[in-house]
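Student:
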Amino acid sequence: MKGWVLMAVITFKRVEKKYMMVRSQYDKFRKLIEDYMQADEYGLGTICNLYYDTDTYELARRSIEKPVYKEKLRLRSYGVPKITDTVFLELKKKYKGVVYKRRVELPLQEAYKSLQYKRFNTDGLDGQAGQIESEITYFLNQYDLYACVFLAYDRIAMFGKEDPGLRMTFDFNIRSRTYDIDLLKGDEGELLFDDGRVLLEIKVSAAYP
Numbered sequence: 328m329k330g331w332v333l334m335a336v337i338t339f340k341r342v343e344k345k346y347m348m349v350r351s352q353y354d355k356f357r358k359l360i361e362d363y364m365q366a367d368e369y370g371l372g373t374i375c376n377l378y379y380d381t382d383t384y385e386l387a388r389r390s391i392e393k394p395v396y397k398e399k400l401r402l403r404s405y406g407v408p409k410i411t412d413t414v415f416l417e418l419k420k421k422y423k424g425v426v427y428k429r430r431v432e433l434p435l436q437e438a439y440k441s442l443q444y445k446r447f448n449t450d451g452l453d454g455q456a457g458q459i460e461s462e463i464t465y466f467l468n469q470y471d472l473y474a475c476v477f478l479a480y481d482r483i484a485m486f487g488k489e490d491p492g493l494r495m496t497f498d499f500n501i502r503s504r505t506y507d508i509d510l511l512k513g514d515e516g517e518l519l520f521d522d523g524r525v526l527l528e529i530k531v532s533a534a535y536p
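In terms of my numbering, the sequence shown opens at residue 328 and continues consecutively.
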């Protein structure tokens, strides 16, 4: 697997809380926060994800049990990518309500190679990159994983005007499919809610109030 490397590595540590809203609640809430929150430069954009699990859905079943510690792996793109476009392979761990995210940025074709061979080539990257690569590689080899579901949504992301560390996202038209589980196959899917519900997620780097 020589000849390619990870492009970038990003880590996050924060508290994340999700809230489901009907459209009227969303409209009122947006008015309440407009003096304090600002939409990011990308505006409304589509996010596509592949979620990985075992053939018995071990990770999903464990998550439903609400354990103290849980983890999941997903492959994410912003919009429908081409095979050479940049995507994000993310390992999310949650321990006692705090989310730790390990994200590697690389071309889609190389992400698929990494998932197939359960390893990365990190030639030339620093120690932090090697550590995160080791975490993801260990996770890949701990389970027999495959892409089990495609999930997409249209998202507006906002950040605090006075505190950029405060983030909010609003997800619309949440949809999924269990066929054509490939980021190259478009962003179509079956709507999870047909009443226009919006998913709000609040993300803070400090303790949640």
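All C-beta atoms, glycine included, are put in the ideal place defined by N, C-alpha and C.
Identify whether N390 lies in helix, strand or coil by the three-state DSSP scheme.
Tutor: Indexing the sequence shown from 1 puts residue 390 at position 63. At residue 390 the sequence reads Ser, which differs from the Asn that was named. In the structure shown, S390 sits in a helix (DSSP, three-state: H, G or I).
Student: How is the beta strand (DSSP E) around F499 delimited, first residue to last?
Tutor: By one-based count along the sequence shown, residue 499 stands at place 172. Per DSSP, F499 belongs to the beta strand (DSSP E) from R494 to R504.
Student: For I529, would you say it is in contact with chain D, using Cβ-to-Cβ distances shorter than 9 Å as the test?
Tutor: The chain inventory of the structure shown lacks chain D, comprising one protein chain alone.
Student: With DSSP run on the structure shown, which of helix, strand or coil describes D522?
Tutor: For this step, residue 522 is matched to residue 195 along the sequence shown. Under the three-state reduction of DSSP output, D522 falls in the coil class, being neither helix nor strand.
Student: Given that a residue counts as buried once 16 or more other Cβ atoms are within 10 Å of its Cβ, and exposed if not, what is G372?
Tutor: To locate residue 372, count along the sequence shown from 1; it is residue 45. By the neighbour-count rule (16 or more Cβ atoms within 10 Å), G372 is not buried but exposed.
Student: Exposed or buried, M347, counting other C-beta atoms within 10 Å across all chains shown (16 or more means buried)?
Tutor: Here residue 347 is taken as the residue at index 20 of the sequence shown, counted from 1. Exposed: under 16 other Cβ atoms inside 10 Å.
Student: Of the residues K409, M364, K423 and S404, which one's Cα is nearest the Cα of V431?
Tutor: As a first step, residue 431 is located in the sequence shown; it is residue number 104 there, counting from the start. Answer by Cα proximity: S404.
Student: Can you tell me whether M328 is buried or exposed, with buried defined as 16 or more other CB within 10 angstroms of its CB?
Tutor: Position 1 of the sequence shown holds residue 328. Summary for M328: the model assigns pLDDT 38, below 50, so the residue's position carries little reliability; its value from the coordinates is reported in the next sentence. Under this definition M328 is an exposed residue.
Student: Report yes if the C-beta distance between Q524 and V349 is below 9 Å; otherwise report no.
Tutor: Within the sequence shown, residue 524 is the residue found at index 197, counting from 1. Within the sequence shown, residue 349 is the residue found at index 22, counting from 1. Per the sequence presented here, residue 524 reads as Arg, with Gln not at that position. Yes, the pair counts as a contact, with Cβ atoms nearer than the cut-off.
Student: Excluding the five sequence neighbours on either side, which residues of its own chain have a C-beta within less than 7 Å of the C-beta of L478, listed in chain order?
Tutor: Sequence index remark: in the sequence shown, residue 478 carries index 151 (1-based). Closer than 7 Å at Cβ, skipping near neighbours: N376, Y378 and S503.
Student: Classify E368 as helix, strand or coil using the three-state DSSP reduction.
Tutor: Position 41 of the sequence shown, counted from the start, is the residue given in the question as residue 368. Coil, per DSSP.
Student: Name the residue from T496, E528, L527 and R389 whose alpha carbon lies nearest to the alpha carbon of Y369.
Tutor: Taking the sequence shown and counting its residues from 1, one reaches residue 369 at position 42. Y369 has its Cα closest to that of T496, out of T496, E528, L527 and R389.
Student: Just verifying my parser: in three-state terms, what is the DSSP assignment at F356?
Tutor: Within the sequence shown, residue 356 is the residue found at index 29, counting from 1. Note: F356 maps to helix in three-state DSSP.
Student: Spatial neighbours of K399 within its chain, please: C-beta separation below 6 Å, excluding the five flanking residues on both sides.
Tutor: Counted from its first residue, the sequence shown places residue 399 at position 72. Same-chain partners within the cutoff: L386 and K419.
Student: Under 8 Å: does the beta carbon of A484 sit that close to some heavy atom of the ligand NAP?
Tutor: As far as ligands go, the structure on display features none, and thus does not contain the ligand NAP.
Student: Would you list the one or two residues that DSSP bridges to S441?
Tutor: Mapped onto the sequence shown, residue 441 falls at position 114. For S441, which the question treats as bridged, DSSP gives no partner whatsoever.
Student: Tell me whether the beta-carbon of K340 lies closer than 9 Å to the beta-carbon of Y444.
Tutor: As a first step, residue 340 must be located in the sequence shown, where it is residue number 13. As a first step, residue 444 must be located in the sequence shown, where it is residue number 117. No.
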